[in-house]
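Asker: Can you keep this structure in mind? I'll have questions shortly.
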Amino acid sequence: MAKGYSKDLRVRVVELVESGESAREAARILNLGASTTIRWMDRWRKTGDVNAKPGGGHSRSPLEQHKQWLIELIATEPDLTLDEIRVRLRSQRRQKAGIGSIWRFFDRHDITFKKNIARRRAGSA
1 MAKGYSKDLR
11 VRVVELVESG
21 ESAREAARIL
31 NLGASTTIRW
41 MDRWRKTGDV
51 NAKPGGGHSR
61 SPLEQHKQWL
71 IELIATEPDL
81 TLDEIRVRLR
91 SQRRQKAGIG
101 SIWRFFDRHD
111 ITFKKNIARR
121 RAGSA
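If you're matching positions, the sequence shown starts at 1 in UniProt numbering and goes up one per residue.
See below:
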């Protein structure tokens, strides 16, 4: 996500408009979008504040509500592929998810799919 404009630039817009320029003219002078300066001035007039609004925050994974089910699924069937997990999520839990989202969920919870080589070895011939 792009970084917001600096406070000093916002203050310069307010100063230009307060000194008689229009918001559109301030935008042209400072090489900004007209709608940006108009929004800033609306906010300035309503609140007296020129600071950027707080960001949206971190969005939560919809898979978190299925955490226990996913962990139990992997515990009972450790050889499932990510695609098989995706299909089960859709059919059994009615939750759409991409393979990448499922991978990140397990990575966040330190659950790996690394196979134990010693366990996979065949008996001696």
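Ideal Cβ placement from N, Cα and C applies to all residues, glycine included.
With 16 as the cutoff for other CB atoms within 10 Å, does F105 come out buried or exposed?
Answerer: For the purposes of this step, residue 105 is taken as residue 105 along the sequence shown, with counting starting at 1. Buried, by the Cβ-count rule.
Asker: If you draw a straight line from the alpha carbon of K41 to that of A27, how long is it in whole angstroms?
Answerer: The count along the sequence shown starts at 1 and reaches residue 41 at position 41. The count along the sequence shown starts at 1 and reaches residue 27 at position 27. The sequence shown places Met at residue 41, rather than the Lys named in the question. For M41 and A27, the distance between alpha carbons rounds to 11 Å.
Asker: Just the C-alpha distance for G48 and H58, rounded to the nearest angstrom, thanks.
Answerer: Translated into positions along the sequence shown, residue 48 becomes position 48. Translated into positions along the sequence shown, residue 58 becomes position 58. Those two C-alpha atoms are separated by around 28 Å.
Asker: With distances taken Cα to Cα, identify the nearest neighbour of I111 among I74, G4, R45 and L80.
Answerer: Here residue 111 is taken as the residue at index 111 of the sequence shown, counted from 1. When only C-alpha atoms are compared, the closest one is I74.
Asker: Cβ of L82 within 7 Å of Cβ of I71?
Answerer: Reading the sequence shown from its first residue, position 82 is the one you call residue 82. Reading the sequence shown from its first residue, position 71 is the one you call residue 71. No, these two residues do not count as a Cβ contact at 7 Å.
Asker: State the Cα-Cα distance for the pair T36 and D79, rounded to the nearest angstrom.
Answerer: As a working note, residue 36 is residue 36 in the sequence shown. As a working note, residue 79 is residue 79 in the sequence shown. Each residue's alpha carbon lies about 52 Å from the other.
Asker: Look at the Cβ atom of V17, then the Cβ atom of V50, and state whether they are nearer than 7 Å.
Answerer: Working through the sequence shown from its first residue, we reach residue 17 at position 17. Working through the sequence shown from its first residue, we reach residue 50 at position 50. No, Cβ-Cβ distance for V17 and V50 is not below 7 Å.
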